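Residue numbers (this note's numbering): 5 to 430.
Here it is in structure tokens:
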């Protein structure tokens, strides 16, 4: 157990875990019944040792400090969101689209700010800020000696609960995954171990019984409400059947997904999957309908608007595609998928493109709409790298590089936009 306890932070390479461990150890030292000079000496030595461990893990795992600078960008996004929506925040789950909208061109994509404090700050506004401050300030107040008279007389409880509680809360400020939000708030109950057991009360009178029944009834009601999530299980099961390709017929898969969309009215997954299946089978009407529903459910996702724009371009609905592309640009100005779609929408009406033979126009469409896309920045501007996704790629028309260059497309920051076509195409 000791090997796992001490080795896990080192072997995982998680500097957030090391900081949490160091913080918990510091709290443990502070709570120990020692003289002040011993406290200060041990804490100073521990700080030096913690710094050495962080540097050792960084060097041993071949990691640099880039992740630290990336985290600062996440925090900056949360602060920007808070400055726009200080009262209510942007809403839970809204960090991702806003980070895509506000981040620098080639900055890392992220679905969360990797910090509970900044997650609450940007997404919940002032109420979230107050919750974060209380959640961090309450254990700190206990550790510093507030409510000492009410603390448990057995110092082992105080040492274990205080150090473990603070370690986990500190770790949650630098690390984030799907389990941390729930466990952080559940961990708040650990603080109850710091307090002495409540004294026995005399038998409750009638009013006390009514109060107890009210509290128990409220707890039962809350439990029943929590169980309501199980109603999603059948729909989620049907969705997994389609995703695993266990529904043999196309019509059966589409019908199943429509049913799942009705039973999961807020989930974007069934309509996204329905659009992919319909588009792969050439059903543009079905794909357009599912993409419109996807945009309704995720209006702040650039990828959803790009999916709709692609179907509209394939259908020849140029005006609607322009609106969708503008929405995609608004929510993720440097979405790699956006630029080929924009180029195709500008390229198709040009006389130079319409004069090409049919096979060349179809091949150009395949390159721009189906290729895998990535971005690179150099001194000349932003490069859009297209990688042919076809298993046996065909030759790209020689005219395509010149046609794309003639469009004079620019990035949102005004720099030149240059397309790099698949190997052997230029």
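Positions of the beta carbon are idealized from the N, C-alpha and C atoms, including for glycine.
Just so you know, these numbers come straight off a predicted model, no measurement behind them.
Going straight from the alpha carbon of residue i to that of residue j, what length do you get?
{"i": "residue 338", "j": "residue 304", "result": "15 Å"}
{"i": "residue 390", "j": "residue 94", "result": "34 Å"}
{"i": "residue 126", "j": "residue 419", "result": "30 Å"}
{"i": "residue 217", "j": "residue 228", "result": "16 Å"}
{"i": "residue 268", "j": "residue 98", "result": "19 Å"}
{"i": "residue 120", "j": "residue 175", "result": "9 Å"}
{"i": "residue 392", "j": "residue 240", "result": "34 Å"}
{"i": "residue 320", "j": "residue 426", "result": "26 Å"}
{"i": "residue 236", "j": "residue 375", "result": "36 Å"}
{"i": "residue 146", "j": "residue 124", "result": "23 Å"}
{"i": "residue 238", "j": "residue 300", "result": "24 Å"}
{"i": "residue 248", "j": "residue 263", "result": "17 Å"}
{"i": "residue 266", "j": "residue 232", "result": "17 Å"}
{"i": "residue 421", "j": "residue 110", "result": "14 Å"}
{"i": "residue 356", "j": "residue 332", "result": "27 Å"}
{"i": "residue 274", "j": "residue 243", "result": "7 Å"}
{"i": "residue 234", "j": "residue 101", "result": "28 Å"}
{"i": "residue 141", "j": "residue 148", "result": "10 Å"}
{"i": "residue 384", "j": "residue 351", "result": "22 Å"}
{"i": "residue 28", "j": "residue 163", "result": "10 Å"}
{"i": "residue 336", "j": "residue 416", "result": "10 Å"}
{"i": "residue 307", "j": "residue 410", "result": "27 Å"}
{"i": "residue 334", "j": "residue 22", "result": "39 Å"}
{"i": "residue 39", "j": "residue 136", "result": "32 Å"}
{"i": "residue 406", "j": "residue 340", "result": "21 Å"}
{"i": "residue 223", "j": "residue 86", "result": "34 Å"}
{"i": "residue 404", "j": "residue 386", "result": "18 Å"}
{"i": "residue 412", "j": "residue 388", "result": "13 Å"}
{"i": "residue 112", "j": "residue 139", "result": "29 Å"}
{"i": "residue 423", "j": "residue 226", "result": "56 Å"}
Strictly by DSSP, which residues pair up with residue i?
{"i": "residue 230", "result": "Residue 230 is not bridged to any residue."}
{"i": "residue 381", "result": "386"}
{"i": "residue 376", "result": "391"}
{"i": "residue 421", "result": "386"}
{"i": "residue 414", "result": "420"}
Between which residues of its own chain and residue i is the CB-CB distance below 7 Å, once the five residues before and five after are set aside?
{"i": "residue 33", "result": "43, 46, 47, 50"}
{"i": "residue 349", "result": "317, 322, 325, 326, 329"}
{"i": "residue 314", "result": "345, 373"}
{"i": "residue 177", "result": "119, 120, 121"}
{"i": "residue 400", "result": "367, 371, 425, 426, 429"}
{"i": "residue 414", "result": "420, 421"}
{"i": "residue 251", "result": "245, 257, 260"}
{"i": "residue 311", "result": "279, 295, 298"}
{"i": "residue 283", "result": "291, 315"}
{"i": "residue 369", "result": "348"}
{"i": "residue 230", "result": "none"}
{"i": "residue 215", "result": "none"}
Report yes or no: is there a C-beta of chain B within less than 8 Å of the C-beta of residue i?
{"i": "residue 302", "result": "This model lacks chain B altogether, as it is built from one protein chain only."}
By Cβ distance, which residues of its chain are closer than 6 Å to residue i, with the 5 residues on each side in sequence left out?
{"i": "residue 84", "result": "106"}
{"i": "residue 122", "result": "79, 82"}
{"i": "residue 272", "result": "298, 301, 302"}
Near residue i, which residues of its chain fall below 8 Å by C-beta distance, leaving aside the five closest residues on each side in sequence?
{"i": "residue 219", "result": "none"}
{"i": "residue 143", "result": "166, 169, 170, 173, 195"}
{"i": "residue 159", "result": "35, 37"}
{"i": "residue 96", "result": "127, 128"}
{"i": "residue 90", "result": "129, 130"}
{"i": "residue 309", "result": "299, 328, 329, 331, 332, 335"}
{"i": "residue 285", "result": "254"}
Any chance the segment 376-393 sits against the segment 317-325, with 3 or more Cβ pairs inside 8 Å?
no
Could I get the ranges of all uninterrupted alpha helix (DSSP H) runs contained in the segment 229-288, with 4 residues as the minimum, in chain order?
237-247, 254-267, 273-284
Are the segment 334-351 and the segment 285-297 touching by the rule of at least three beta carbon pairs closer than 8 Å?
no
May I have a chain-ordered list of the alpha helix (DSSP H) segments no shorter than 4 residues that lie completely inside the segment 295-322?
306-319
Inter-stretch contact (C-beta, 8 Å, three-pair minimum) for the segment 270-280 and the segment 292-301
yes
Taking three-plus beta-carbon pairs below 8 Å as touching, is the segment 114-130 in contact with the segment 360-372?
no
Unbroken stretches of the alpha helix (DSSP H), 4 residues or longer, contained in the segment 80-159
Listed in chain order, they are 99-106, 120-147.
For a minimum of 4 consecutive residues, which ranges assigned as the alpha helix (DSSP H) are wholly contained in the segment 18-59?
19-35
What alpha helix (DSSP H) runs, 4 residues minimum, are completely inside the segment 337-363?
342-351, 355-358
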